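In what follows, a structure is listed as structure tokens, so that the remarks can point back to it.
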Amino acid sequence: FFFPQVLLLACAEDLECVPGFQQKVFYIEKPFKFTEDKLILNLKFDDCKGNNKLNFEVSNPDFTVELDGNLVALKNVSEVGRALFVHARSEHAEDMAEIFILEANEKRGALKEILKLEGNLGIPRQKRAILATPILIPENQRPPFPRLVGKVIRSEGTEGVKFRISGKGVDQDPKGIFRINEMSGDVSVTRTLDREAIANYELEVEVVDVNGKTIDGPVRLDVLVIDQNDNRPMFKEGPYIGHVMEGSATGTTVMRMAAFDADDASTDNALLRYNILRQTPTKPSPNMFYIDPEKGDIVTVVSPTLLDRETMESPKYELVIEAKDMGGMDVGLTGTATATILIDDKNDHAPEFTKKEFQATVKEGVTGVIVNLTVGDRDDPATGAWRAVYSIINGNPGQSFEIHTNPQTNEGMLSVVKPLDYEISAFHTLLIKVENEDPLIPDIAYGPSSTATVQITVEDVNEGPVFHPNPMAVTKQENIPVGSVVLTLNATDPDTLQHQTIRYSVHKDPAGWLEINPTNGTVGTTAVLDRESPFVHDNVYTALFLAIDSGNPPATGTGTLHITLEDVNDNVPSLYPTLAKVCDDAKDLRVVVLGASDKDLHPNTDPFKFELSKQSGPEKLWRINRLNNTHAQVILLQNLKKANYNIPISVTDSGKPPLTNTTELRLQVCTCKKSKMDCSASDALHISLTLILLSLLSLFCKSF
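Residue 159 in full-length UniProt numbering is what sits at position 159 of the sequence shown, and the numbering runs on without skipping anything.
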């Protein structure tokens, strides 16, 4: 390599003053943000005549260069871009410097860019005592070590001073790779380098006195590791599976194979070329596919007629692909991978029935699958080009039949979904069509074999009689006389050709109120129909009857009868509550609110009439006041002594004729002290209004 010699010549030349920036190109790593007033780097400008009236301009207004050459940010800045440009001008010279901002994981660039062979050489153009040119070291060097790889020069001599080197590879991990002769400046490497592990090292060199104090520097020393072809190409993204439709045109791209080579991508060490080593199977052609040697694209090279899935030995091809570096030269390293190519099916074969006519037999009244229709299809069973779709195109006006595909066998399952009637039709003829889920390709059509006929024979079955209507409904008053006719049931036998007789019987009569004439179906009562019975729900009584034909064996039909019962005023009203308590010194003499209820329906219920039995004696003790249609209030007319009183109260409903019920209200007059009610003594007195009236009547008679 001749680059270091060129650089040394440039360094010698640069010892004389050259007007302008002493270094024109800088690389800095992008920080999280540029902090206000914090030094970024120092730019050295010298017009060799004192820099009179020196002025700097920065391409980004968020930055400035101070008179001493320090580049700083005017505020906190996060986004800057890829580069900054600084223009400097004095009375005698002007120049431009470039500052490239790199991401943390971004390389410095290729060797050519770093060395700047085109244009600037990248060597600091300033009067420096230390000249540290980049060092180039091939990777994978063999012992012995240490091995001399470069030299650092101090223009002002080395007497009384020492060279010191630092950075990653010296005093930072990985430590101890490089060292420098303190006296001569010779740089050595101590072990084999691996470019794929670390491609370059950025070291710093400085000159110190005997006490370790820095005299010159530090100056950056770049060590670049030169790539060797020591990595085979690798296929990392497998498995590699491609698909191509059968009948595809020659040159159709199937897939792309991409290998990776860890060597330097800018050299032939990572320049890959692809090749097909082997194809399995080899029929119908041993060269079914071609791979682009540079791109890795696999394409078809046979005619569309040979790419026929149905005639192939196998629809799957395996290609062994080789990637070779060094541009495919014989000295290149190789890596292989297997590419699997699947020939996808297209719908180029119509399904065909295995026979033109199918037979089926079904009993009338039965539903379910009656026959499976079989078809053949040469397309791929795993695709919609094979899966069948069946339809009934004729012979099904009543929609009594349906056909569905069996997903496992692809057969057509023909079913009866509405029971068939032998007496209406003993034979049915259906025309069935089969198609695929996917449409056929344009040059293929469904033919006569894609339709078939199904002949269906219906077998006669002894069917049970049918009630007309069903359910049956009738309305009757409750309490009609026993033996009354409710209605006559009507059942007919669907088997009109068999001329059978029908007999009737009671199947379910929850209350035991009904009977039926077995011959003519007349339903009569055997007990009183009671609307208030627990067997009646929402005024409706339900019973079930059977109609049995004379077949062998006999068949049975069931009919439902709903009897709606109209209400009759046959229930007296009832009174509640029947017990009340009151204090003997009560100020509020409203004893109790009474309510009335009736099991009958309106208008045989409320409004109710409340009355007290006639009171006699020197004065009346209580009265009753009607509150509304269903309630009344009993009021004492004076405080009573502690005792029990029975008050007869009559309640009358609004029926026609009305019904009356008399109920005794038991009134306990109790002693009340400190919110406690004592009724014990009153329980023993048992004084009733009736007894009082009888006693008064006896005394009245004796007086005469």
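Beta carbons are placed, not taken as given, at the ideal position from N, Cα and C, and that holds for glycine.
This structure is a prediction, so every number in the text was calculated from the model and none was measured.
Cβ-based neighbour list, residue i, same chain, cut-off 7 Å, excluding 5 preceding and 5 following
i, result
"cysteine 583", "Cys670, Cys672 and Met677"
"glutamate 103", "Lys30"
Where residue i falls: helix, strand or coil (DSSP)
i, result
"glycine 368", "strand"
"serine 184", "coil"
"methionine 245", "strand"
"alanine 265", "coil"
"glycine 395", "coil"
"methionine 312", "coil"
"proline 239", "coil"
"glycine 559", "strand"
"serine 650", "strand"
"glycine 524", "strand"
"methionine 257", "coil"
"methionine 326", "helix"
"serine 597", "strand"
"leucine 218", "Note on residue identity: the sequence assigns proline, not leucine, to residue 218. Looking at proline 218 - three-state DSSP - the assignment turns out to be strand."
"asparagine 120", "Bear in mind that the predicted position of asparagine 120 carries a pLDDT of just 37, short of 50, making it unreliable; the figure below should be weighed with that in mind. Coil at asparagine 120, not helix or strand."
"alanine 337", "strand"
"alanine 270", "helix"
"arginine 125", "Low confidence applies to arginine 125: its pLDDT is 39, below 50, so where it sits in the model is not reliable enough to give any reading."
"serine 613", "coil"
"serine 574", "strand"
Between the CA atoms of residue j and residue i - distance to the nearest angstrom
i, j, result
"residue 708", "phenylalanine 21", "Because the chain here runs from 1 to 704, residue 708 falls outside it and cannot be looked at."
"lysine 53", "serine 90", "5 Å"
"leucine 193", "proline 143", "11 Å"
"serine 698", "arginine 590", "Low local confidence applies: a pLDDT of 38 at serine 698 is under 50, so the model's placement there is unreliable, with the coordinate-based value given in what follows. Looking at the two C-alpha atoms, the distance is approximately 32 Å."
"glutamine 633", "valine 592", "6 Å"
"residue 706", "isoleucine 635", "With the chain covering 1 to 704 only, the question about residue 706 has no answer from this structure."
"cysteine 17", "lysine 44", "12 Å"
"lysine 316", "leucine 307", "12 Å"
"asparagine 462", "glycine 368", "19 Å"
"glycine 384", "phenylalanine 401", "25 Å"
"leucine 74", "threonine 64", "7 Å"
"threonine 663", "leucine 637", "21 Å"
"valine 540", "proline 397", "41 Å"
"methionine 472", "glutamate 515", "16 Å"
"serine 449", "glutamate 459", "30 Å"
"phenylalanine 358", "glutamate 411", "13 Å"
"leucine 440", "threonine 560", "56 Å"
"glycine 551", "isoleucine 424", "20 Å"
Buried or exposed by the 16-neighbour rule on C-beta atoms within 10 Å, applied to residue i
i, result
"threonine 605", "buried"
"threonine 133", "buried"
"serine 184", "exposed"
"arginine 125", "Annotation note: pLDDT 39 at arginine 125 (below 50); position unreliable, no value reported."
"leucine 117", "Note on leucine 117: pLDDT 34, under 50, position unreliable in the model; no value is reported."
"serine 654", "buried"
"leucine 694", "With a pLDDT of 37 at leucine 694, under the threshold of 50, the predicted position of this residue should be treated as unreliable, though the coordinate-derived value follows. Leucine 694 is exposed by the Cβ-count criterion."
"phenylalanine 535", "exposed"
"histidine 537", "exposed"
"methionine 329", "exposed"
"proline 494", "buried"
"valine 210", "exposed"
"glycine 332", "buried"
"arginine 531", "buried"
"lysine 346", "buried"
Close beta carbons around residue i, own chain, < 8 Å, minus the five adjacent residues each side
i, result
"cysteine 11", "Residue confidence is low: cysteine 11 scores 36 on pLDDT, short of 50, so the model does not pin down where it sits. Its coordinate-derived value is still stated next. Closer than 8 Å at Cβ, skipping near neighbours: Ile123, Leu131, Thr133 and Ile153."
"threonine 311", "Pro284"
"valine 170", "Gly176, Ile177, Phe178, Arg179 and Leu203"
"glycine 242", "Val254, Met255, Ile298, Ala339, Thr340, Ile341 and Leu342"
"glycine 447", "Ala350 and Glu352"
Same chain, Cβ closer than 6 Å to residue i, neighbours up to 5 away in sequence not counted
i, result
"phenylalanine 1", "The pLDDT assigned to phenylalanine 1 is 30, lower than 50, so where the model puts this residue is not dependable; a value taken from the coordinates is nonetheless given after this. If we look at phenylalanine 1 and ignore the five residues flanking it on each side, its Cβ neighbours are Leu136."
"arginine 195", "Glu139, Val225 and Asp227"
"proline 19", "Asp47, Cys48 and Ala93"
"serine 166", "Glu204"
Residue i CB to nearest heavy atom of the ligand PLP below 7 Å
i, result
"serine 391", "As for the ligand PLP, it is missing from this structure, which has no ligand bound."
Contact between the stretch 142-151 and the stretch 183-190 is defined here as three or more beta-carbon pairs at a separation below 8 Å; is this criterion met? yes
When you compare the stretch 296-316 with the stretch 248-267, are there three or more beta-carbon pairs, one atom per stretch, that lie closer than 8 Å? yes
Can we say the stretch 513-532 touches the stretch 476-486, given the rule of at least three CB pairs closer than 8 Å? yes
Count Cβ pairs between the stretch 344-351 and the stretch 424-444 that sit closer than 8 Å; are there 3 or more? yes
Below 8 Å, how does it come out for the stretch 536-555 and the stretch 456-472: are there three or more Cβ pairs, yes or no? yes
Per the contact definition of three or more C-beta pairs closer than 8 Å, is the stretch 593-613 in contact with the stretch 565-585? yes
Count the C-beta pairs between the stretch 375-395 and the stretch 255-275 that are closer than 8 Å, then say yes if the count reaches three, no if not. no
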